[in-house]
Amino acid sequence: MSENEELKPYQLPLEHPNYAYPRARNPYAARLAEFEIKAFSDSDTEKRPGQWLSEFADTSAKTPLIVEIGCNTGHVVRAWAERSPENRYIGIDWKFKAIHRGLEKAAKKSLKNLLFLRANVWRLGYIFAPGEVDEIHIYCPDPWPPKSQWKKRFLCRENFPVLQQSLKSGGILHIKTDHAGYFDWIEEAFAGQEAGWETVSKTRDKHAKHPNPEKLDIPEVTLFEKIFISKGIPIHEWVLRKK
Ligand SMILES: C[S@@+](CC[C@H](N)C(=O)[O-])C[C@H]1O[C@@H](n2cnc3c(N)ncnc32)[C@H](O)[C@@H]1O
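Under my numbering, the first residue of the sequence shown carries the number 3, and numbering increases by one thereafter.
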């Protein structure tokens, strides 16, 4: 018997195909169903690969599917959804309470082109079918600064192929971080995988030429990005296109 066969599904490594989320005890878990706008959580986020477009209120649409990972309360993804009703948006975050807040705010605007997922991004490859997504945005992901925690960094060597698999050919991966060390790490993780991607743009100081970056607002900048801008911390950005 292998080591993993003795484990319960929720004890398996997150990347394992048989992993299943443990029963959620968070008080907000049951409350995600309070809204007309749909939200999915935990293992329920893995039952619709290839079918996400049919979950939006307007099921006839064959429009771009744009995903923001680590969306928090969805301040950016909500603003995009409001601004571009023709596109479909999915915001993913780990925090039940943040997703609940995002739903509350999106419901007030009656957004019909937005879904929220409370899920662990390390399960991305089980949420979406290959080539299902047009754009993936990851803004200010947790940098896990101590070396002992680097293994928790999502943008690592093993996850670039997962991101690439989820994207359509020509699809966009947009990364922004305030953390220079994490940006170095991302570049190292990416090394050797260049063949599958084309760099659209890369900068270590996105707002350097802006006369007053503190004036920038959501969705051009995120909530975390605004804090870093106010502290004078440069924002590192990398935009990649899947070949
Ligand atoms: C530093 S915050 C950045 C939030 C937002 N993108 C911004 O720039 O303002 C990181 C976000 O990622 C979420 N997050 C962290 N680990 C995650 C995981 N494994 N899966 C999904 N979301 C995660 C956190 O809950 C948090 O909302």
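Don't be surprised by glycine CBs; every beta carbon is placed ideally from N, CA and C.
As the structure is a prediction and not an experimental result, all values here were calculated from the model.
How would you call residue 188, buried or exposed, if buried means at least 16 neighbouring beta carbons within 10 angstroms? buried
Tell me the rounded alpha-carbon separation between residue 158 and residue 33. 33 angstroms
Do residue 141 and residue 72 count as a contact pair if the criterion is CB distance below 8 angstroms? yes
Are the stretch 79-90 and the stretch 44-53 in contact at 8 angstroms, needing three or more beta carbon pairs? no
DSSP-derived helix/strand/coil call for residue 186: helix
Over what stretch of residues does the alpha helix (DSSP H) that includes residue 45 continue unbroken? Premise fails: residue 45 is in no alpha helix (DSSP H) and is neither H nor E.
Select from 200, 38 and 183 the residue whose C-alpha is nearest the C-alpha of residue 171. 200
For chain D, check one thing: does any of its Cβ atoms lie closer than 8 angstroms to the Cβ of residue 82? Given the protein chain composition of this structure (a single chain), no chain D is represented.
Extent of the continuous beta strand (DSSP E) to which residue 85 belongs: Run containing residue 85: none in the beta strand (DSSP E); it sits in the alpha helix (DSSP H), 77-85.
When the Cα of residue 104 is compared with those of 17, 39, 121 and 125, which residue comes out closest? 39
Checking 8 angstroms against the spacing of the C-beta atoms, do residue 133 and residue 108 come in under that value? no
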